[in-house]
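First comes the structure, then the notes that go with it.
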Amino acid sequence: MQRRHFLATTLLAAPAAALAATGLPTGFPTANAEPAAPPTRSFTVTAGEGRFQEKTFVGPNPNDIKISGKDTGGALAVFEYTGMAKGGPSLHLHLAQDEVFYVVSGDYLFVVGEEQRQLKAGDTIFLPRQVPHTWTQLSDTGKLVYFLQPAGQMEDFFRARSGSKAPLSVAEREKLFTDHGMKLLGPPLPVKS
């Protein structure tokens, strides 16, 4: 049992130490962090609502926080993205977070590293941390539920994006990504008519 604990602790601590050595903002739970207290109460977030009655957007598309990192001690965040138009995010990677996307409705193309995957309603995809990725909505409308583990600073990233009225310069976008534990790598995938 002690050997298993030692191995698990050692294997988890190495990536955390490597990330800390980069000098980039961490703000993420690490193997050395005290475990967060488990939630003690359930809650419900109704359809079309965000946690804390808060709305965030990616362009014209609602991106509701369903489970906040505040609810899980930073261990997990869950979002619901409602796509009102084709397109998707810029090519990027997360330094310390894995993502899982579940397609509720619509058709999507995901690019993860060198792989391309087309997903439809009912499909799920895992995106590992530190692997470049992006996606685009191929259908006119769609809906995704996605999880980030650990929660990191994604809620604040979407709040900052929602609050920005004017288009950001490339340097401003790069800083926004860096400040929230990501690296901006390139443009979004082209939107196909």
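Per mature numbering (1 follows the signal peptide of the UniProt record, and there is no 0), the sequence shown runs over residues -20 to -1, 1 to 173. Note that CB positions come from ideal geometry on N, CA and C, so glycine has one too.
Residue range of the unbroken alpha helix (DSSP H) whose run includes residue i
i    : result
R151 : Contrary to the premise, residue 151 reads as Ala rather than Arg in this sequence. 150 to 159 is the extent of the alpha helix (DSSP H) around A151.
R139 : 134 to 143
Through-space distance from residue j to residue i, alpha-carbon basis
i    : j    : result
R27  : V125 : The question names Arg, but residue 27 is Ala in the sequence shown. The alpha-carbon atoms of A27 and V125 are separated by roughly 12 Å.
G53  : H113 : 26 Å
F127 : V80  : 5 Å
G63  : R21  : 31 Å
Y88  : F23  : 30 Å
L107 : E60  : 17 Å
Q117 : P19  : 34 Å
D120 : P168 : 17 Å
V150 : K100 : 32 Å
V25  : E34  : 11 Å
D136 : R31  : 13 Å
F138 : G102 : 25 Å
P147 : P170 : 19 Å
Cβ neighbours of residue i in the same chain (closer than 8 Å, five flanking residues each side left out)
i    : result
M29  : Checking the sequence, you will find Glu at residue 29 rather than Met. Answer for E29: D44, listed in chain order.
T104 : V80, F81, Y82, V83
L56  : I47, G49, F127, L128, Q129, P130, A131
Bounding residues of the beta strand (DSSP E) (the contiguous stretch that carries residue i)
i           : result
P104        : It is worth fixing the name first, because residue 104 is Thr in this sequence and not Pro. That run of the beta strand (DSSP E) goes 104 to 107.
residue 175 : Residue 175 lies beyond the stretch modelled for the chain, which goes from -20 to 173, so this question has no answer here.
T116        : 113 to 117
K163        : 162 to 168
V125        : 122 to 129
G63         : 57 to 63
L89         : 88 to 92
V80         : 78 to 85
S70         : 70 to 74
K46         : 41 to 47
Contacting residues, own chain, Cβ-Cβ under 7 Å from residue i (five flanking each side not counted)
i    : result
L164 : S70, H72, R153, E154, F157
F37  : N43, S142
Beta-carbon separation (whole angstroms), residue i vs residue j, contact threshold 8 Å
i    : j    : result
L75  : Q110 : 6 Å
A65  : P40  : 6 Å
G122 : S173 : 16 Å between Cβ atoms; not a contact.
Q77  : G132 : 5 Å
Contacts around residue i, its chain only, beta-carbon distance under 6 Å, and the 5 residues preceding and following it disregarded
i    : result
V58  : K46, I47, F127
W115 : G68, Y88, F90
Q98  : L89
For the structure I just gave you, are there three or more beta carbon pairs, one from the segment 47 to 65 and one from the segment 157 to 164, closer than 8 Å? no
Spell out a yes or no on whether the segment 134 to 143 and the segment 86 to 100 are touching, meaning 3 or more CB-CB pairs, one atom from each, closer than 8 Å. Two segments are said to touch when three or more pairs of C-beta atoms, one from each, lie closer than 8 Å; by this definition the segment 134 to 143 does not touch the segment 86 to 100.
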